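Reading through the structure tokens given below for one structure.
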Amino acid sequence: MSDLRRALGEAVQAAFAAIGAPPELGRVTASDRPDLADFQSNGALAAAKTLGRNPREIATAVVEKLAGDPRLAAVEIAGPGFINLKVADATLGARADTIAADARAGAETVTEPRRVIVDYGGPNVAKPMHVGHLRASIIGESLKRLYRFRGDTVVGDAHFGDWGYQMGLLIGAVMDESPAVAAVVDAINAGQPGDVAAFNAVTLADLDRLYPEAAARGKADTDYRDRARRITAALQVKQPGYYALWERFRTVTKVALERDFHALGVDFDWWKGESDVEHLIAPMVAELDAKGLLVDDQGARIIRVVREGDKRELPPLLVVSSEGSAMYGTTDLATILDRKREFDPHLVIYCVSPRQAHHFATVYRAAYPAGYAVAGQLEHVGFGTMNGTDGKPFKTREGGVLKLNDMIEMSRDKARARLHEAGLGEDLPAPEFEDIAGKVAVAALKFADLQNFRGTSYVFDLDRFTSFEGKTGPYLLYQAVRVKSLLRRAEAEGHTTGPVTVAEPAERDLVLTLDAFDAALAEAYDKKAPNVLAEHAYRLSQAFSKFYAACPILQAAPAVRASRLTLATAALRQSELALDLLGIAAPDRM
RNA sequence: GCGCCCGUAGCUCAACCGGAUAGAGCACCCGCCUUCUAAGCGGGUGGUUGCAGGUUCGAGUCCUGCCGGGCGCGCCA
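Under our numbering, think of the first position of the first sequence as 4, with each following residue one higher.
In structure tokens form, the structure reads like this:
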């Protein structure tokens with residue numbers, strides 16, 4: 004069953020059609036003036052322009068057509084021609100009953116499900132995740148869940164960055180530092196026996212430390228750089244010694260990444276790396292060559308992607324470097340090909356830093372003539388950067404990059420402290436308390452991020468991120484826990500739910516908010532903007548909290564109590580669904 | 001230099017195809033716990049939406065210019 008907004012929209016659109024106005028103008032939205040109405044249509048104003056008639060006149064004609072609709076308690080014209088609709092209490096009650104009985108809490112599914120890949124997270128070998136990965140991870144995770152919930156077949160792919168020049172740099176750096184490792188690598192490369200156990204001494208901390216040094220030296224020292232490139236090229240043809248060491252890099256990195264992702268409630272269906280498409284690259288290059296797309300330029304092989312009418316000339320896609328190596332764009336193109344073969348997606352969402360907008364535009368333009376994708380199928384969904392309170396990209400007080408794991412730990416510490424301060428969960432067993440602290444910490448981090456529109460940059464302020472009052476993740480958890488506690492008590496006292504009767508303003512507001520769920524989901528889906536869903540989740544919690552404060556439940560008369568228990572049940576289910584789509588889990592108690 | 005993004009309350013952010021009185025949270029002030037979890041609820045203070053034009057019955061939203069900030073501009077990803 005559709006929500007009230009859409010059901011009423013159909014009625015208003017029919018009324019528009021009946022008076023000869025374009026029916027699509029009869030769109031109904033939630034009212035901007037809750038004091039005046041529940042829903043509104045602004046269509047008469049737009050119709051006035053196309054029909055050359057007075058907007059109030061049109062509104063009057065539309066209102067006449069709507070007269071007698073039993074769902075409407077009042078239909079009024081306001082201002083220059085707004086049509087204000089107030090829904091009958093009985094209609095609200097019936098809608099609440101429907102939502103309460105629905106496992107999806109009033110959410111619809113898309114009519115034409117698609118196959119969708121969400122490429123997010125952006126972890127790289129040798130680099131622990133830092134705060135910059137937070138956005139990509141949690142926005143991507145939310146989009147994945149949202150698309151899946153709406154009925155699409157969705158896979159999340161971490162697209163592990165494990166196959167570029169940085170690997171050659173690191174292999175060289177590690178070998179320079181450790182003669183033991185170097186000896187084993189050289190031996191294996193030469194086809195002699197070598198014990199890879201020597202590689203176990205290499206840790207993620209080593210890689211993290213060596214990488215920036217090596218990258219800097221690679222820029223300054225051309226011999227060093229050339230050597231790293233040769234190693235990269237050798238790795239990419241799987242020279243066994245380099246490859247064995249690389250596997251160690253990949254393993255130590257993945258363990259740490261999985262820990263961080265797990266702590267954030269982020270899971271991937273595919274953990275594919277750039278290296279997984281390595282075998283496609285040689286045939287792909289041959290195919291691109293055969294199609295006449297490759298051009299030799301400055302010793303490299305490129306695809307030109309310039310188009311007529313470009314405001315700015317896009318640089319070409321580098322397919323084969325002058326060293327013969329595959330580049331970032333090469334593996335990205337091969338990944339598009341791989342995904343087409345493996346999954347044939349209708350849509351691929353790249354949830355990646357907006358700094359790479361040019362890069363993706365270039366890769367996409369190369370993919371179209373290659374026949375690997377069609378326009379509109381590949382979409383780069385960028386997000387803003389996290390800045391420090393000084394407006395510059397976030398750094399720790401020491402000037403370094405804050406590791407994601409450290410941030411999660413800081414948030415968890417704060418959650419524990421605040422739980423103690425508030426006297427929450429202290430009588431619970433220690434493992435449950437820890438679980439609650441973890442959920443509170445993750446809710447705080449995720450909601451603080453997801454409530455912002457993904458496209459804009461925002462200020463990262465740990466104190467604000469781990470604040471538990473006001474418009475925060477913990478506020479949402481707190482409301483959910485209060486409902487759960489209430490429902491447990493109701494059950495213990497033998498009370499059951501019953502048909503909803505709407506009487507109090509707080510009850511009206513709660514039902515109208517519940518009704519707005521599907522519209523919020525649809526908008527978040529269309530705009531790929533989880534903040535729309537986050538906003539709905541917050542409004543729902545707020546509406547419940549007001550209801551909870553204004554309407555006694557357990558002490559109410561039996562019929563009222565049953566009605567309010569139904570409302571509480573529906574609110575909890577929708578709230579938990581919305582939280583889950585944001586990647587946030589609520590504890591049972593705290 | 002060229003291109004893309006951004007500029008909204010003291011701070012951090014919203015604002016549904018261009019619509020009514022631009023909304024939240026934080027901070028600040030005033031109320032509400034012997035009754036379902038006060039991480040809560042109610043009320044209040046706070047705005048020339050960077051500036052100047054333009055289009056429109058109507059502009060935070062669209063167009064132009066300017067000012068300020070961020071990012072990017074082929075062999076790193």
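For every residue, glycine included, the Cβ atom is placed at its ideal position computed from N, Cα and C. Keep in mind that this is a model prediction, so the values were computed, not measured.
Hey, how far is the Cα of residue i from the Cα of residue j?
i: A470; j: S566; result: Strictly speaking, residue 470 in this sequence is Ser, with Ala absent from that position. In a straight line, the C-alpha of S470 is about 34 Å away from that of S566.
i: F346; j: T235; result: 29 Å
i: N390; j: N455; result: 13 Å
i: T32; j: L238; result: 58 Å
i: F397; j: Q558; result: 51 Å
i: K474; j: A537; result: 10 Å
i: H282; j: E316; result: 32 Å
i: C354; j: L585; result: 15 Å
i: L75; j: V65; result: 14 Å
i: E507; j: V384; result: 43 Å
i: L297; j: P286; result: 13 Å
i: R117; j: L336; result: 22 Å
i: I305; j: V158; result: 31 Å
i: R220; j: R212; result: 13 Å
i: Q301; j: F252; result: 33 Å
i: L207; j: V258; result: 9 Å
i: G428; j: V134; result: 29 Å
Could you check where the beta strand (DSSP E) with residue i kicks off and where it finishes?
i: D300; result: 298 to 300
i: S414; result: Segment 407 to 425 is the alpha helix (DSSP H) holding S414; no beta strand (DSSP E) there.
i: S44; result: 42 to 44
i: R307; result: Per DSSP, R307 belongs to no beta strand (DSSP E) and is neither H nor E.
i: R118; result: 118 to 122
i: H349; result: Where H349 is concerned, there is no enclosing beta strand (DSSP E), given that its DSSP letter is neither H nor E.
i: L515; result: Segment 508 to 518 is the alpha helix (DSSP H) holding L515; no beta strand (DSSP E) there.
i: L321; result: 320 to 323
Hey, out of the options, whose CA is closest to residue i's CA?
i: L543; options: A108, R9, R56; result: A108
i: T254; options: D100, L238, L336, G276; result: G276
i: E412; options: E261, A24, A266; result: A266
i: G84; options: A49, A76, V90, T94; result: A49
i: A24; options: I61, D189, S548, S44; result: I61
i: Y14; options: S44, Q577, T206, A139; result: Here residue 14 turns out to be Ala, not Tyr, going by the sequence shown. Minimum Cα distance to A14 is reached at S44.
i: F163; options: D209, V445, T338; result: T338
i: T256; options: L407, R36, N127; result: N127
i: K406; options: L524, S548, A589, L260; result: L260
i: Y481; options: E579, E526, L568; result: E579
i: D270; options: V199, L524, A20, I142; result: I142
i: G497; options: L453, D464, A223, R564; result: R564
i: D41; options: D518, P555, A574; result: D518
i: R56; options: T206, A509, R36, I22; result: I22
i: G332; options: K314, V288, I352; result: V288
i: V322; options: I352, S356, T365; result: T365
i: R268; options: V188, K343, A97, A447; result: Contrary to the premise, residue 268 reads as Gly rather than Arg in this sequence. Ranking the options by Cα distance to G268, first place goes to A447.
i: M132; options: Y227, N408, L431; result: N408
i: I120; options: D92, E510, H349, G29; result: H349
i: Y123; options: W273, H539, D416, T499; result: W273
i: P477; options: K417, I102, D313; result: K417
i: A483; options: R576, F450, A303; result: R576
Which partner residues of residue i appear in the DSSP bridge assignment?
i: L75; result: V90
i: G276; result: F163
i: M389; result: Y461
i: A81; result: F85
i: H133; result: K406
i: H383; result: Y353
i: A33; result: F42
i: N203; result: BP columns for N203 are empty, so no partner.
i: T595; result: Residue 595 lies beyond the residue range present for the chain, which begins at 4 and ends at 593; the question has no answer from this structure.
i: N127; result: K130, G164
i: A329; result: V323
How many whole angstroms separate the CB atoms of residue i and residue j, which I take to be in contact at a CB cut-off of 8 Å?
i: S5; j: E115; result: Rounded, the Cβ-Cβ distance is 17 Å, inconsistent with contact.
i: S328; j: Y168; result: 7 Å
Check for me: the alpha helix (DSSP H) holding residue i runs from which residue to which?
i: R230; result: 225 to 239
i: E180; result: 168 to 180
i: L248; result: 243 to 266
i: V563; result: 561 to 584
i: G293; result: Per the sequence presented here, residue 293 reads as Ala, with Gly not at that position. Note, A293: alpha helix (DSSP H), 281 to 293.
i: Y541; result: 533 to 553
i: A17; result: 7 to 21
i: R492; result: 476 to 495
i: T399; result: Unbroken run through T399: none, as it is neither H nor E.
Report whether the distance from the Cβ of residue i to the nearest heavy atom of the ligand FMN is below 7 Å.
i: D211; result: Looking at this structure, you won't find the ligand FMN or any other ligand, since it has none at all.
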